[in-house]
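Number of protein chains: 4
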Amino acid sequence: MNWREVLEIRGPHIGGAVSGGLDSCTITHWLSEKGFRVEGFTVDLGQPDEENVGAIADRMLACGAEAAHIVSGKEALVREGIRVIQAQARYEGGYWNTTGIARPVTTKAILDEMAKRDIPVLFHGATGRGNDQMRFQLATNFLAPDVDVYAPWRDNEFLEQFPGRAEMIEYCESNNLPIRPAKESRYSTDANILGLTHEAGDLEDVGIPPFFVEPGMGVWAWDAPDTPQSVSIRFEEGQPVEFDGVKMDPVAMFEKANARGGAHGVGIGLHAIENRFVGVKSRGIYEAPGMELLGRAYEYLIQFVYDRRTREQFDALSRHLSAQIYEGYWLDLSTHSALAALDSMSKLATGTITIRLYKGNVYFETADVSRSSMPHGLYTSASSMEDTSGEGAAEPQYDHESSEGFAQVIQVHARTVGKRQRGGYAK
Amino acid sequence: MNWREVLEIRGPHIGGAVSGGLDSCTITHWLSEKGFRVEGFTVDLGQPDEENVGAIADRMLACGAEAAHIVSGKEALVREGIRVIQAQARYEGGYWNTTGIARPVTTKAILDEMAKRDIPVLFHGATGRGNDQMRFQLATNFLAPDVDVYAPWRDNEFLEQFPGRAEMIEYCESNNLPIRPAKESRYSTDANILGLTHEAGDLEDVGIPPFFVEPGMGVWAWDAPDTPQSVSIRFEEGQPVEFDGVKMDPVAMFEKANARGGAHGVGIGLHAIENRFVGVKSRGIYEAPGMELLGRAYEYLIQFVYDRRTREQFDALSRHLSAQIYEGYWLDLSTHSALAALDSMSKLATGTITIRLYKGNVYFETADVSRSSMPHGLYTSASSMEDTSGEGAAEPQYDHESSEGFAQVIQVHARTVGKRQRGGYAK
Amino acid sequence: MNWREVLEIRGPHIGGAVSGGLDSCTITHWLSEKGFRVEGFTVDLGQPDEENVGAIADRMLACGAEAAHIVSGKEALVREGIRVIQAQARYEGGYWNTTGIARPVTTKAILDEMAKRDIPVLFHGATGRGNDQMRFQLATNFLAPDVDVYAPWRDNEFLEQFPGRAEMIEYCESNNLPIRPAKESRYSTDANILGLTHEAGDLEDVGIPPFFVEPGMGVWAWDAPDTPQSVSIRFEEGQPVEFDGVKMDPVAMFEKANARGGAHGVGIGLHAIENRFVGVKSRGIYEAPGMELLGRAYEYLIQFVYDRRTREQFDALSRHLSAQIYEGYWLDLSTHSALAALDSMSKLATGTITIRLYKGNVYFETADVSRSSMPHGLYTSASSMEDTSGEGAAEPQYDHESSEGFAQVIQVHARTVGKRQRGGYAK
Amino acid sequence: MNWREVLEIRGPHIGGAVSGGLDSCTITHWLSEKGFRVEGFTVDLGQPDEENVGAIADRMLACGAEAAHIVSGKEALVREGIRVIQAQARYEGGYWNTTGIARPVTTKAILDEMAKRDIPVLFHGATGRGNDQMRFQLATNFLAPDVDVYAPWRDNEFLEQFPGRAEMIEYCESNNLPIRPAKESRYSTDANILGLTHEAGDLEDVGIPPFFVEPGMGVWAWDAPDTPQSVSIRFEEGQPVEFDGVKMDPVAMFEKANARGGAHGVGIGLHAIENRFVGVKSRGIYEAPGMELLGRAYEYLIQFVYDRRTREQFDALSRHLSAQIYEGYWLDLSTHSALAALDSMSKLATGTITIRLYKGNVYFETADVSRSSMPHGLYTSASSMEDTSGEGAAEPQYDHESSEGFAQVIQVHARTVGKRQRGGYAK
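Residue numbers (the working numbering), protein chains in the order written: chain A, 1 to 427; chain B, 428 to 854; chain C, 855 to 1281; chain D, 1282 to 1708.
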């Protein structure tokens, strides 16, 4: 839809996901000029790089918004972040999906507020090339199917008026809009309590090493302390509940893990050339120290708990959920079902894992496999290579001799394949 | 089968996979006493910790073997190692399967020799608790279905005579067998040019940090140099062909990568609590510096080359092949088919990747995405967030406005789900 | 374990899963002779071919059992049968897993009774070649890990005494055991309310057409009526609740569906050459008219309800659950998780489907897609090829013109592949 | 792109995929009026319902085309059809993808001709709501990335002039275009030698039973003969080579199989509510008697040949390839790789299967499992439930007693789960 269709069909009342930046100012004022009654919604996601969010509201009002609202989203985001950890939902093997998971949280927070005010259309400032436009779109469609989405960066009239950043700055200045003095940056960054994603600008040239990026949540490994540091994380039913023996709530846990991990260069500078939803390749540099610290500890824990069949199914859920987040389908039925399966596994993930942090690395250090600490762990004395008896053991065991029967059974199939088929397929 | 059945059904001629250690000496002599004509086969896999392999042959003869053979396997193993890299076939997320992939190589090398000598039975010294017994078994069944496998560690009579290491030492000493002075070790190690795997002994106690393991192929990260070092690897059609601009053959490539990676702590101390084939959990500590160095560079390369559908299929192949190696099914039809698919992808993996090594870390540094260097890369200017025109571009592009049509199409389904279903599944 | 180990370690009190047939009589008497106190447990699964189950108890007592119990299992089995339908869990594409799903139901029913009596060992009469031995084994291990399983058909002493059927008959006759006059059959059959499975005997020769099998739950298609008959099934939240408009409970529903389907040859004579758990191929002929009738109707229903992502996930769950049933892992964590996911999907499967039965075929006839009847169906007017406007529609729609934007977006990737890659992979 | 952009950027020379119907005539004339030099390309796919294809060329010329070409595509389509059978690539469980697989064949045939004539743009008459538009688009992008695609049904100007069928007829009549007298039909049909797909029109109302569809390739089951008929198909390396013992080439094989299967109602009236690429649900009725006859016979064959691991991988390939066809990605790298894997499996699919056709049903009748006929079959005497010895057998076997060892090994894991986990996940 272009702005004319929006105005004609849905009327002038419109809400916007606004961050207070140049785009937000420009769009808000431009829509006001076109006759819209704009309400701005800014969701507080615990952005580590953010100014006072209250200032954003003031700026939006100065840009012509009829109202400007700050909505709390940090706790909700951290809850979802923990599910990302439980799912080990890293996109294409690395990126912790920290921006992707924030979009439905932001959208839901805004739509809840819009519903109270009967606002029928949501605008956002995501570009027509990226993933975020689709995430805003889909989250809105799933949560509020009667709300329309308006994306100025896909509206020809807006695009023609603002072919680049310079035209926006000129527009804002000529309209006396209170834009912040542009922070010079060689790339753009999206931020929330779970992590930072850097892309575009100089990062688009893959011939340039990414080390010029200045971490916002920690340091590069070479700037980290020379001494390793150990951390113990206790999980109960899949939730991180203790950091070095101190109980804390999820937000405090992330703040602590971000600080500790970031200080050691953990989760700083993850690099991916990834397949965007729209099909093109994109380069991203990521920071997610808390996700990496907690996520790696969690991975070590589930290695004790999930058997092979569970692990295979877990891996499938992990890949599915990662794609769902990345592509904006976090709120569909297939996500809901996958989370139901995941929850039933996570419920067994109780235990304490100690890891060693050292200059970007996370090493397994120890685990307490006593039944009181890790009640559902499968690491038992049956794991030992040395016990040959099986007798008198408190734990289930088998004689080494039984393996001969096992081998006799499985050899039948393998031998038949050897006799009948291998000549037909091996070179 | 027990030794009596073997002797009765297949006769006294028997071949063995022997390493020259305590087990090999004991079994060889014990079988000779029982009336077998034992031929020992030792496969040279470029073990980094190995004594002169020629000495092994002498020792086997002294233990009663009728003949002792050294068989070359290093080149064959490196070829398979490269396929493991192409498949990114890490077991349960971490371990590079360096022992698992060596078993079929060893077995094939020995069976080829045994066939020349008409030896109908192969023995091996793997225990009845682990994975290797099944890998030897299955590889033999697939390659030579008429050859029987005899495993003394699953033969009750042998188990009763040798309940532990002490009885074997006593037996060897009382028979004047030339066993090597036992290297005191708190764990056992399997070694080849691709990597080392450490397990058992003190490692079975997960309350003990793994840092007491003394790396055999490099250093722990904290002992690595304080200065990062960059390395460029060029791959052509999936094969690593140049190391820092110098062409080299695969074995030289691995030796170089092992040395360079190991020096920086790369791939040293990988840790897994893994699901063994027979169902129990097991702890392993791994060293695979060359695999990690080359494997991570390769992963960065394919991120440029594989699109989303290819990547999804690649990920499925990766998991399948990893399980095939781990569980001993490397030689079956499903592996053969998966490798056919993999090869058709790997053929496009041409390019040069520069990585930065620093204290256990491998960071992406740069890639050359010119068509001459990386002819099949998909990272193009269409990836840019900033170009909004699409006009005049040499590369395929789309207008930002087209995204509006895209969004209009995909919103139909999402809105219908929002209207019809979400009330039925969301909490 | 052999019987001597059982007696020594666990004592003489033993429970058995007994059907009252030749095996049950032989084993019960033989164990009594060895000094065991045998209690027989027979689970009523609504076997269509069964004599009065009360008579089984009498016979077991006459064979030396200390006690004989009849346990109800029909309702529990039907509940699981409905989950099989919800999961469309057909093994290797065809067989409805009717025997596989019955084993955990039987085992649970027996173990519950054994627990009341403190019986520490369960015996069963499944052979050492098939799947059922592993299903009894695993179900017992999961449900009652301290109970041991004894399988006479894997005990050498028993096997030597009873190399074949003749020796069992002779033994029973010489001990005056009340075996039933052997029904002459060219194959063996396992039966319960969900279906019959026929295998072994003459069926092992795949050169013999299977049409000599005499259906026990209906007729072959050529013996079915010449007139098609329609049936409407209403499902609510995944449960079949009405048959031709008449509400009925699950057992009645299956009895009705078995009768109706069987009369039309539906689900009679399904044929599979399947991969047994132990690795060998096996031929089975199956009857499951109610499963086929209800299962096909359910499949038609979910086609209206599950979107593409949900369908993909459903298909994965379906395959996983089918393997879990077939291989005896129905009670593990991965099944539990998969069922949690499945349940969250099934909850939306509400609707009425009318099918036409005709000589073995099940054809889709009609569905009522009104929101009152099928509240979560996704088949809407957006499905129409003809409406080109999208305007004024009550349902979400898109203009045909929007497809141009959609096409412009997806062509970027395809064109890049065409330019950069296709030359590298296409022949 | 709209027609003005096409003309401006690429010039007036345009090729079209034309069928000779109302759409083709209208578009051809309309484009000629706009100043295009239109060349029509009609691919002969062995359409069973088609008039003389030569007549189409005449009609196109009369509608203003500069040239009209008939291109042969039947052999190429049959070759792809056999791959569909080898892959068992049925979409969402039923539909044999007969239209989906024809689109890349058609596109390739046309592009080859266009390349000879330097024609830079291809138009097609597929609508903006369906799958075919994307299949034409993508096939063109992959095969000829420099060729543009023009779709009048997504061009606003064309859509406005022709809101419906009536306007096209009026336009053709007023321009004296030689359109065929419209065959009255309650639905639309796409046809080729592999099958027919019927959709739209009255079929969109799922409250109407589909039995009013008049089969074009056979009869409904109730109109088929009362006597079953057997057919033997011999496959060699995955190719059907003999029909009832008579060798024939692939096209003859399909003609024969279509006739025989259709006569018995086999593959007539397959019904699906399917998820279209663009996300909406669609109803299709399908006829594919030859695909069903050959495909079912092939399925029975591979049940003898593929072991469990191969079957699992095959099932994954099957699903992937089916989605690739349906969604228009048949020419990408992931398809190429999947086909490489499939080919290595299909190579072992040699054997003769006899099936019984009866009123829509296909029953397995017999197979010849001799090594001369089915060299790679895995159905051997090891499959027997009855042989308990394993001795002296020509085929690999195992003693029933060995199963005890097998069971002892697998019970360790299951018992540990029972002890440690089940209390944590079971209700």
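Cβ atoms here follow ideal geometry from the backbone N, Cα and C, with glycine treated the same way.
Inset, instruction - Give the residues of chain D in contact with residue 380 of chain A, contact being defined as C-beta atoms less than 7 angstroms apart. - result: 1697
Inset, instruction - Could you pull the start and end residues of the alpha helix (DSSP H) that residue 105 of chain A belongs to? - result: 98-116
Inset, instruction - Using alpha carbons as the reference points, say which of A:164, A:72 and A:424 lies closest to residue 44 of chain A. - result: A:72
Legend entry - Residues bridged to residue 1283 of chain D [DSSP beta-bridge criterion]: DSSP output for residue 1283 of chain D lists no bridge partner at all.
Inset, instruction - Can you have a look at residue 844 of chain B and say buried or exposed, based on whether 16 or more other CB atoms are within 10 angstroms of its CB? - result: buried
Legend entry - Any C-beta of chain B under 8 angstroms from that of residue 222 of chain A: yes
Legend entry - Simplified DSSP assignment, three categories, for residue 14 of chain A: strand
Inset, instruction - Output yes if chain D places a C-beta closer than 8 angstroms to the C-beta of residue 332 of chain A; else output no. - result: no
Legend entry - Proximal residues of chain D, C-beta to C-beta of residue 406 of chain A below 7 angstroms: 1686, 1687 and 1690
Inset, instruction - Could you have a look at residue 1514 of chain D and say whether DSSP puts it in helix, strand or coil? - result: strand
Inset, instruction - State the DSSP-derived secondary structure class of residue 1668 of chain D, mapped to helix, strand or coil. - result: For residue 1668 of chain D, the predicted structure reports a pLDDT of 48, less than 50, and the residue's modelled location is therefore unreliable. The matter cannot be settled from this model.
Legend entry - Whole-angstrom distance between residue 1289 of chain D and residue 325 of chain A, CA atom to CA atom: 41 angstroms
Legend entry - Residues of its chain near residue 1346 of chain D, where Cβ-Cβ distance is below 6 angstroms and the 5 sequence neighbours each way are ignored: 1309, 1319 and 1321
Legend entry - Closest Cα partner of residue 111 of chain A within the set A:42, A:155, A:61 and A:370: A:42
Legend entry - Contact with chain C by residue 747 of chain B, beta-carbon distance below 8 angstroms: no
Legend entry - residue 1290 of chain D - DSSP class collapsed to helix/strand/coil: helix
Inset, instruction - Taking residue 109 of chain A as the reference, give the member of A:99, A:134 and A:74 with the closest Cα. - result: A:74
Inset, instruction - Run the CB neighbour count on residue 1527 of chain D, radius 10 Å, all protein chains shown included, and call it buried at 16 or more, exposed below. - result: exposed
Inset, instruction - Count the C-beta pairs between the segment 1006-1021 of chain C and the segment 1071-1091 of chain C that are closer than 8 angstroms, then say yes if the count reaches three, no if not. - result: no
Legend entry - Residues sharing a beta bridge with residue 239 of chain A, DSSP: A:236
Legend entry - Beta-carbon proximity list for residue 1648 of chain D, same chain, < 6 angstroms, skipping 5 on both sides: 1634
Inset, instruction - Find the nearest neighbour of residue 626 of chain B within the set B:437, B:853 and B:714, judged by alpha-carbon distance. - result: B:714
Inset, instruction - Tell me, please, whether the segment 1620-1631 of chain D touches the segment 1575-1588 of chain D by the rule of three or more beta-carbon pairs shorter than 8 angstroms. - result: yes
Legend entry - CB contact flag (residue 178 of chain A, residue 62 of chain A, <8 angstroms): yes
Inset, instruction - For the segment 929-942 of chain C and the segment 1095-1110 of chain C, state whether three or more C-beta atom pairs, one from each stretch, are separated by less than 8 angstroms. - result: yes
Legend entry - Where the segment 1557-1574 of chain D meets chain B: residues whose CB sits under 7 angstroms from a CB there: 1559, 1560 and 1561
Inset, instruction - Please confirm if residue 391 of chain A has its CB atom under 8 angstroms from at least one CB of chain D. - result: Its pLDDT being 39, under 50, residue 391 of chain A is placed unreliably by the model, and nothing is read from it.
Legend entry - residue 1626 of chain D: contacting residues in chain B (beta-carbon distance under 8 angstroms): 760 and 764
Inset, instruction - Decide if the segment 1369-1378 of chain D is in contact with the segment 1596-1615 of chain D; the criterion is three or more beta carbon pairs, one per stretch, under 8 angstroms apart. - result: yes
Legend entry - Cβ neighbours of residue 1245 of chain C in the same chain (closer than 6 angstroms, five flanking residues each side left out): Any reading at residue 1245 of chain C must be qualified, since the residue scores a pLDDT of 39, below 50, and its modelled position is unreliable; the value itself is stated next. Once the five neighbours on either side are set aside, residue 1245 of chain C has no close Cβ partner at all.
Legend entry - Interface residues of chain B facing residue 367 of chain A [CB-CB closer than 7 angstroms]: 633
Inset, instruction - Evaluate contact between the segment 824-844 of chain B and the segment 138-156 of chain A, counting only Cβ atoms and requiring at least three cross-stretch pairs below 8 angstroms. - result: yes
Legend entry - Contact set between the segment 928-962 of chain C and chain A, restricted to residues whose Cβ is under 9 angstroms from the partner: none
Inset, instruction - Under 7 angstroms Cβ to Cβ from residue 426 of chain A, same chain only, skipping five residues before and after it: list those, please. - result: none
Inset, instruction - Compute the Euclidean distance between the alpha carbons of residue 1082 of chain C and residue 1492 of chain D, then round it to the nearest angstrom. - result: 12 angstroms
Legend entry - Test item: CB-CB of residue 357 of chain A and residue 261 of chain A under 8 angstroms: yes
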